[in-house]
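Step one of this worksheet: look at the structure below.
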Amino acid sequence: MNDDFVKRWVRPEIGAMHAYAVADATGMVKLDAMENPYAWPPALREDWSRLLQGTDVNRYPDPRAGELTRVLRDAMQVPPGAEVLLGNGSDEIIQMLAMTLGGPGRTLVSVDPGFVMYRLIAAFTGMAYHGVALDGSDFGLDADALLQAIRETEPALVFLAYPNNPTGNLFDAGLIEQVIESAPGLVVIDEAYAPFTDASFMPRVDEFANLAVMRTLSKMGLAGLRLGLLAGRPSLIREVDKTRLPYNINTLTQRSASFALEHLEIFDAQTGTIRHDRELLYGALAEIDGITPYPSAANFILFRCPAGRGPGIFEGLKQRNVLIKNLDGSHALLRDCLRVTVGTPQENDRFQQALKETLAGT
Ligand SMILES: *Cc1c(COP(=O)(O)O)cnc(C)c1O
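Residue numbers (this note's numbering): 1265 to 1626.
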């Protein structure tokens, strides 16, 4: 058997891609993926195990995830006039949006550097991707360029992460409003990092027909469950829901997430600690000679290393068993930039120690 059919039949745009790579973190201090570093308290684990023991998996899940949807609306303070749709992670929601509003001849606009899944999913679904460069000085929106791109490409979809990944900053809310008002298609505000900031468009989601707000439980501390949410006007959500695969939220996720959200105060305390430690880590990085951290409203910090040294420092950290994210080479504005997730105080110390050793070449 030969594999000629692969060359002949796999769509060229897929053939030209690389699979989404996840670094092996075995035995490392893992600060690469914006996970919450805190496990559940023992008493909570006990109650959870008991709940799962009483859960049957021989039947399909609740197709509408009714109970979970109620708990989620409450936890995320979705306005009563808005409808919600759940996804197997918010990545799946991006995919559903692209299947609903995208396709050949349609354009997705976002900003670069930004979240890579927008570009990838545009390619999967045959959409054109148009990335508008951020302002190089502070990673803010380049309003003129963005509004011009919207005028010229008439995008079916605009995605803005708020706060932005991988830069960590919040864009100007007034400019985002201008984007919503001038975009002909849907504007999605991706609030994956909502637990780490007070800023949000959720209270205003029913104010504009072409606005939707996306959230995820991943960064809050439930990355393993894979659960995301889209809020928007009912007329929009009804259409997107048609592209949702049946039973996309499995029974264990439905039960576990409902249970976890009934103990929201535990996660609020954890994310509160992370917010506090983010400021300590930012201050510590700013003190290190040659390191320039950028202000963050998320659970990670982007920082720039001395010219030409970013990739070497990333490797040096890895040799010292600290895994972060190397962004050098991913965009012209991110030369020598690395991104570190805020971990526990001990992990943050290990990272700082390893960074200082690497810089000193010891
Ligand atoms: C992490 C992240 C997501 C993906 O979240 P999942 O719900 O885990 O799929 C979406 N958007 C941004 C900006 C992110 O950083």
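We put the beta carbon where it would ideally sit given N, CA and C, even for glycine.
Quick caveat, the model's predicted, so the values are computed rather than measured.
If you count every other CB in all the chains shown that lies within 10 Å of the CB of residue i, and 16 or more means buried, which is it?
i       : result
Val1270 : exposed
Pro1498 : exposed
Gly1554 : exposed
Pro1305 : exposed
Glu1529 : exposed
Asn1612 : buried
Ala1562 : buried
Would you kindly check if the distance between the Cβ of residue j and the Cβ of residue i is under 8 Å?
i       : j       : result
Ser1251 : Gly1432 : Missing from the structure shown is residue 1251; the chain here goes from 1265 to 1626 and no further.
Gly1279 : Arg1490 : no
Leu1602 : Phe1564 : no
Phe1465 : Leu1450 : no
Pro1430 : Tyr1457 : no
Asp1470 : Pro1343 : yes
Ala1571 : Gln1616 : no
Leu1623 : Leu1581 : no
Val1293 : Asn1585 : yes
For the beta strand (DSSP E) holding residue i, just list the boundary residues, first then last.
i       : result
Leu1450 : 1450-1454
Leu1350 : 1347-1351
Leu1372 : 1371-1376
To the nearest whole angstrom, what separates the beta carbons of residue i and residue j, a pair I think is in contact under 8 Å?
i       : j       : result
Val1443 : Leu1410 : 6 Å
Gly1488 : Pro1301 : In fact, because the Cβ distance is near 13 Å, the residues do not count as touching under 8 Å.
Pro1325 : Val1373 : So it is not a contact: roughly 35 Å between Cβ atoms.
Thr1319 : Leu1516 : 7 Å
Leu1605 : Ala1387 : Just to set this straight, residue 1605 is Thr in the shown sequence, not Leu. Going by Cβ atoms, the distance from Thr1605 to Ala1387 rounds to 27 Å, so no, they are not a contact pair.
Secondary structure at residue i, three-state DSSP: helix, strand or coil?
i       : result
Phe1460 : helix
Val1270 : helix
Ser1594 : coil
Ile1565 : strand
Ala1392 : strand
Pro1419 : coil
Thr1333 : helix
Thr1603 : Correcting the residue identity first, residue 1603 is Arg in this sequence and not Thr. If DSSP states are grouped into helix, strand and coil, Arg1603 belongs with the strands.
Met1484 : helix
Pro1344 : coil
How is the alpha helix (DSSP H) around residue i delimited, first residue to last?
i       : result
Arg1502 : 1498-1504
Just checking residue i against ligand 3 - is the residue's beta carbon closer than 7 Å to any of the ligand's heavy atoms?
i       : result
Gly1318 : With respect to small molecules bound, the structure shown includes ligand 1 and not ligand 3.
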